[in-house]
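*Asks:* Residue numbers (the working numbering), protein chains in the order written: chain G, 23 to 135; chain L, 14 to 156.
For each residue, glycine too, the CB sits at the ideal point set by N, CA and C.
In this text the structure is predicted, and so the values were computed from the model without any measurement.
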Amino acid sequence: MKLQEIIDSLSLRVETPTVDLDREVKGAYVSDMLSDVMGNAKDGFVWITLQIHLNIIAVASLKGLSGIILINNRVPAEDTLKKALEENIPIMSSPLPAFELVGRLYSLGLRCR
Amino acid sequence: MGSTEGVFFLTGKDFKNAGSASSSLKGILEGMGIPPAIIRRVAIASFEAEMNTIIYAVAGMINYCITPEMITIRIQDMGPGIEDIELAMKEGYSTAPDYIREMGFGSGMGLPNIKRNADTLTVNSIIGEGTTVEFIINLAPGE
């Protein structure tokens, strides 16, 4: 599934306007623990989290994730945003809480494998 | 056959630059044409070790050595040391303070993640002096 399709279907707010959104999403993983994501997310996944600090970009970049979706209308910290633009990692935001957001991603056909 | 070696220096509590050594290492491996599946394993293990140094130690360094046969990464820190290494290897065990956990670290998955992604892992620690974590990921096929 294309990232842009997910953004459109769930009306996600794109926080990183200059990052190319034309990328494939192979699955999704939800967690607020960074080592959990390091250990269990896969290449090409989107990551759903409430964490907004700088280190989420390192995780996304090292894991080759397709993007980060923030829940509950959270806004990335300023240095996080800067790093995301540098590392070419899309950050999106949704007003939904994690449970609702993940349910909708599942309905779109995304899985965690 | 030659080897590629280098070192990165880490500063404790420097969360701004946390992960940048592992990112640089990933870039070096990509430039050498190492298979992506191997790079992913190195990146996970080195990030976890890097974060452990940032979280717990005053300072530390990451040495890497890449030969045609293997990638060896050694992370030495000047930290408090690990009292019970066996316990530290247990998934879910962590001594991280609350503010570290709120950032999403300290889930007790760091060393287990390194172990899972490395072919060999050695942890040596002296209380009050520091910890050395060394892991090897094999490159040569058919081993």
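Taking G/Ser115 as the query, report the chain L residues whose CB atoms sit under 7 Å from its CB, ordered along the chain.
*Replies:* Under the 7 Å cutoff, chain L gives no residues; its nearest Cβ is about 17 Å from G/Ser115.
*Asks:* In chain order, what are the residue ranges of uninterrupted beta strand (DSSP E) at least 3 long that sit wholly in the region 23-89 of chain G?
*Replies:* 49-52, 67-71, all fully within the region 23-89 of chain G.
*Asks:* By a C-beta neighbour count over all protein chains shown, 10 Å radius and 16 as the cutoff for buried, is G/Gly61 buried or exposed?
*Replies:* Under this definition G/Gly61 is a buried residue.
*Asks:* Is there a Cβ from chain G that is less than 7 Å from the Cβ of L/Ala56?
*Replies:* Yes, because at least one Cβ of chain G sits closer than 7 Å to the Cβ of L/Ala56.
*Asks:* For L/Asn130, which of helix, strand or coil comes out of DSSP?
*Replies:* Correct three-state label for L/Asn130: helix.
*Asks:* Taking only the alpha-carbon atoms, compute the straight-line gap between G/Val124 and G/Ile74 and give it to the nearest angstrom.
*Replies:* When rounded, the distance between both Cα atoms is 18 Å.
*Asks:* Going by DSSP in three states, G/Gly131 sits in which element: helix, strand or coil?
*Replies:* Coil at G/Gly131, not helix or strand.
*Asks:* Considering only residues of the same chain and omitting the five flanking positions on each side of G/Val68, which have a CB-CB separation below 6 Å?
*Replies:* Contacts found: Val47, Ala50, Ser88, Gly89, Ile91.
*Asks:* Determine the direct distance from the alpha carbon of L/Ile84 to that of L/Ile149, and round the result to whole angstroms.
*Replies:* Their backbone Cα atoms lie some 6 Å apart in a straight line.
*Asks:* Would you kindly report the start and end of the unbroken alpha helix (DSSP H) that includes L/Tyr77?
*Replies:* Per DSSP, L/Tyr77 belongs to no alpha helix (DSSP H); it is in the beta strand (DSSP E), 72-79.
*Asks:* Thinking G/Thr38 and G/Ile113 are a contact (beta carbons under 8 Å), I'd like their distance in whole angstroms, please.
*Replies:* Contact holds; Cβ gap of about 5 Å.
*Asks:* Give a yes or no on whether the minimum CB-CB distance between G/Gly49 and chain A is below 7 Å.
*Replies:* Although the question refers to chain A, the structure presented lacks it and instead comprises the protein chains G and L.
*Asks:* What is the C-beta distance between L/Ala74 and L/Phe21, in whole angstroms, given that I count them as a contact (C-beta under 8 Å)?
*Replies:* Here the sequence assigns Met to residue 74 of chain L, which means Ala is not the residue at that position. About 7 Å; that satisfies the 8 Å criterion.
*Asks:* To the nearest angstrom, how far is it from the Cα of G/Leu72 to the Cα of L/Gly92?
*Replies:* Their Cα atoms are separated by approximately 30 Å.
*Asks:* Please list, in chain order, the chain L residues whose beta carbon lies closer than 8 Å to that of G/Ala80.
*Replies:* The answer, in chain order, is Ala31, Gly32, Ser33, Ser35, Ser36, Phe60.
*Asks:* Out of G/Ile70, G/Leu43, G/Arg45, state which residue places its alpha-carbon closest to the alpha-carbon of G/Leu56.
*Replies:* Selected option, being the one with the closest Cα: G/Ile70.
*Asks:* Using three-state DSSP, classify L/Asn65 as helix, strand or coil.
*Replies:* In the structure shown, L/Asn65 sits in a helix (DSSP, three-state: H, G or I).
*Asks:* Going by beta carbon distance, what residues of the same chain come within less than 7 Å of G/Asn122, once the five residues before and after it are set aside?
*Replies:* In the sequence as displayed, the identity of residue 122 of chain G is Glu instead of Asn. Result list for G/Glu122: empty, nothing under 7 Å.
*Asks:* Determine which residues share a DSSP beta bridge with L/Ser206 and list them.
*Replies:* The structure shown does not extend to residue 206 of chain L, since chain L is modelled only from 14 through 156, so no value can be given for it.
*Asks:* What's the call for G/Val97, buried or exposed, on a 16-neighbour Cβ count within 10 Å?
*Replies:* Its Cβ having fewer than 16 others within 10 Å, G/Val97 is exposed.
*Asks:* Which residues, in chain order, does the region 68-79 of chain G contribute to contact with chain L at a C-beta distance below 7 Å?
*Replies:* Taking 7 Å as the Cβ-Cβ cut-off against chain L, the residues of the region 68-79 of chain G that qualify are Gln73, His75, Leu76, Asn77.
*Asks:* Given a cut-off of 7 Å, decide if L/Ser16 and L/Cys78 are closer than it, judged by their beta-carbon atoms.
*Replies:* Yes, these two residues count as a Cβ contact at 7 Å.
*Asks:* Measure the Cβ-Cβ separation of L/Ser33 and L/Ser59 and say whether it is below 7 Å.
*Replies:* Against a cut-off of 7 Å, the Cβ pair of L/Ser59 and L/Ser33 comes out as no contact.
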